[in-house]
Amino acid sequence: MAHWLFKSEPETWSWQQQLAKGAPEEWHGVRNYQARNNMRAMQLGELGFFYHSVQEKRIMGIVKVVALAHPDSTALVPGEKVVWECVDIEAVKPLPKPVGLDEIKAEPDLAGMVLVNNSRLSVQPVSDGEWAKICAMGGL
DNA sequence: GCCAACGTTGGC
DNA sequence: GCCAACGTTGGC
C-alpha cells in the first residue's frame, strides 16, 4: 500500500481539529492538478502523515483514507464538469513525538522526500522507506 | 516581511 | 505553442 502526506496550515484546519472530530473529513480545497491526481490514486485504508505547514512545520500524526476521490463539494459549479476532487480522511493516531521539518532535512535518508524538494505540493506521495523512518523518529 | 519556487494566465 | 507577467505558497 502506498503512503501519503497531507499538508495543512493549522490556522485553516489543524491536526487537533482532525483528531477531535473523530470522523471522516473531506480534504477539500485542493486546486492543484498534481495534488488532485495523488488523491485519485489513493486506495481505501491507505495511511498518510498530517503535516502542519508555515507556523509549526512538523508532522503531527497519521490519518487514513476512508473515502475514495469524489467531487470536491467546495468546487462544484452546477452545470459544469467536475474538475476538483478530494478524498475523505480520518485521524488514526498522533505521533508521540512530532517530527519537524528541520529534523527531516537533517536526515540523509530523507533527502529525497517531496516535502524537502517540492514543499509547495499539498498532497504528496511518501515512499515506504521514508514512512518507516519518520514513524521511528516520531516514536512509533 | 522577504523572496524563491512553482503554477496559471493571457498576449502574441 | 511560447513566454512574460502575475499570483500564491511556504520556508527562512
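Going by this note's numbering, the first residue of the first sequence is number 1, and it counts up by one from there.
Ideal Cβ placement from N, Cα and C applies to all residues, glycine included.
Nearest-angstrom Cα separation, counted from residue j out to residue i
i, j, result
"residue 113", "residue 120", "12 angstroms"
"residue 42", "residue 116", "22 angstroms"
"residue 130", "residue 136", "10 angstroms"
"residue 46", "residue 80", "31 angstroms"
"residue 122", "residue 35", "6 angstroms"
"residue 10", "residue 16", "9 angstroms"
"residue 48", "residue 60", "11 angstroms"
"residue 106", "residue 95", "19 angstroms"
"residue 82", "residue 38", "16 angstroms"
"residue 69", "residue 40", "5 angstroms"
"residue 33", "residue 5", "16 angstroms"
"residue 142", "residue 78", "For residue 142 there is no data in the structure shown, the boundaries of the chain being 1 and 140."
"residue 73", "residue 67", "14 angstroms"
"residue 87", "residue 29", "11 angstroms"
"residue 13", "residue 65", "17 angstroms"
Residues that DSSP places opposite residue i in a beta bridge
i, result
"residue 89", "25 and 65"
"residue 100", "58"
"residue 71", "85"
"residue 108", "Note: residue 108 sits in no beta bridge, so no partner."
Residue range of the alpha helix (DSSP H) that includes residue i
i, result
"residue 124", "Counting along the chain, residue 124 falls outside any alpha helix (DSSP H), though it belongs to the beta strand (DSSP E) covering 123 to 126."
"residue 76", "That residue, residue 76, is in no alpha helix (DSSP H); it is neither H nor E in DSSP."
"residue 40", "33 to 40"
"residue 143", "Any answer about residue 143 is impossible in this case: the structure gives the chain only from 1 up to 140."
Continuous beta strand (DSSP E) stretch holding residue i: start and end
i, result
"residue 5", "3 to 8"
"residue 47", "47 to 52"
Residue i Cβ short of 7 angstroms to the ligand ADP heavy atom set
i, result
"residue 109", "The ligand ADP is absent from the structure shown, which contains no ligands of any kind."
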